[in-house]
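Residue numbers (our numbering): 6 to 144.
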């Protein structure tokens, strides 16, 4: 993990309004969400959106609010952050956001909250079809 900020927990579940949100990556008490343009583009334009972009963005805002309500900081990461010429500045930004979360909430989940997230994750993972690749909370 290039940023040197702790052990990442990929694809974990958080209970939100209306169900479970699968988050891309959790380190300590900070969520890193990876965004691409495809989720905003309609299918006929080569994207994956089955509703208007404004609805996708609104759902994303509500989801982010619900995730943050668990005492988690959140950073948004784009492909340009990962692969573009601004990678070094993106790493500084993301590290700074992670450090702000640590200052605000601490650098690790309390055991009770970690167990709660693990339980939500495992319960949500149980809903997948047999053989579906799901990262378990123990990994």
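Note that the Cβ used here is the ideal one computed from N, Cα and C, for glycine as well.
Predicted model, so just to flag it, every value in this text is computed and none were measured.
Report the CB separation of residue i from residue j in whole angstroms; it is logged as a contact under 8 angstroms.
| i | j | result |
| --- | --- | --- |
| residue 21 | residue 72 | 7 angstroms |
| residue 147 | residue 32 | A question about residue 147 goes unanswered here, because the residues of the chain that appear run from 6 up to 144. |
| residue 12 | residue 82 | With a Cβ gap of about 18 angstroms, residue 12 and residue 82 do not count as contacting. |
| residue 113 | residue 34 | 7 angstroms |
In terms of alpha-carbon separation, which member of the options lies closest to residue i?
| i | options | result |
| --- | --- | --- |
| residue 127 | 56, 10, 25 | 25 |
| residue 27 | 55, 18, 41 | 18 |
| residue 16 | 36, 84, 100 | 36 |
| residue 77 | 94, 104, 95 | 104 |
| residue 125 | 50, 100, 75 | 75 |
| residue 40 | 23, 7, 57, 86 | 86 |
Using a Cβ-Cβ cut-off of 7 angstroms (strictly less than) and excluding sequence neighbours within five positions of residue i, which residues of its own chain qualify?
| i | result |
| --- | --- |
| residue 61 | 44, 45, 54 |
| residue 58 | 45 |
With a CB to CB cut of under 8 angstroms and the five nearest residues on each side skipped, what residues in its chain are close to residue i?
| i | result |
| --- | --- |
| residue 48 | 54, 55 |
| residue 100 | 8, 10 |
Using a beta-carbon distance below 8 angstroms, is residue i in contact with chain B?
| i | result |
| --- | --- |
| residue 25 | Although the question refers to chain B, the structure presented lacks it and comprises just one protein chain. |
Excluding the 5 residues preceding and the 5 following residue i in the sequence, name in chain order all residues of the same chain whose CB lies nearer than 6 angstroms to its CB.
| i | result |
| --- | --- |
| residue 102 | 80 |
Query raised in the report: Would you call the segment 93 to 111 and the segment 55 to 68 touching, i.e. three or more CB-CB distances under 8 angstroms?
Result: With the rule of 3 Cβ pairs closer than 8 angstroms, the segment 93 to 111 does not count as touching the segment 55 to 68.
Query raised in the report: What are the start and end residues of each continuous alpha helix (DSSP H) run of 4 or more residues lying completely inside the segment 50 to 125, in chain order?
Result: Runs of the alpha helix (DSSP H) inside the segment 50 to 125: 58 to 73, 84 to 88, 92 to 110.
Query raised in the report: Counting Cβ pairs closer than 8 angstroms, one from the segment 84 to 91 and one from the segment 109 to 125, do we hit at least three?
Result: No contact exists between the segment 84 to 91 and the segment 109 to 125.
Query - beta strand (DSSP E) runs wholly inside the segment 24 to 52, at least 3 long, in chain order - result: For the segment 24 to 52, the full-length beta strand (DSSP E) segments reaching 3 residues or more read 24 to 32, 35 to 40 along the chain.
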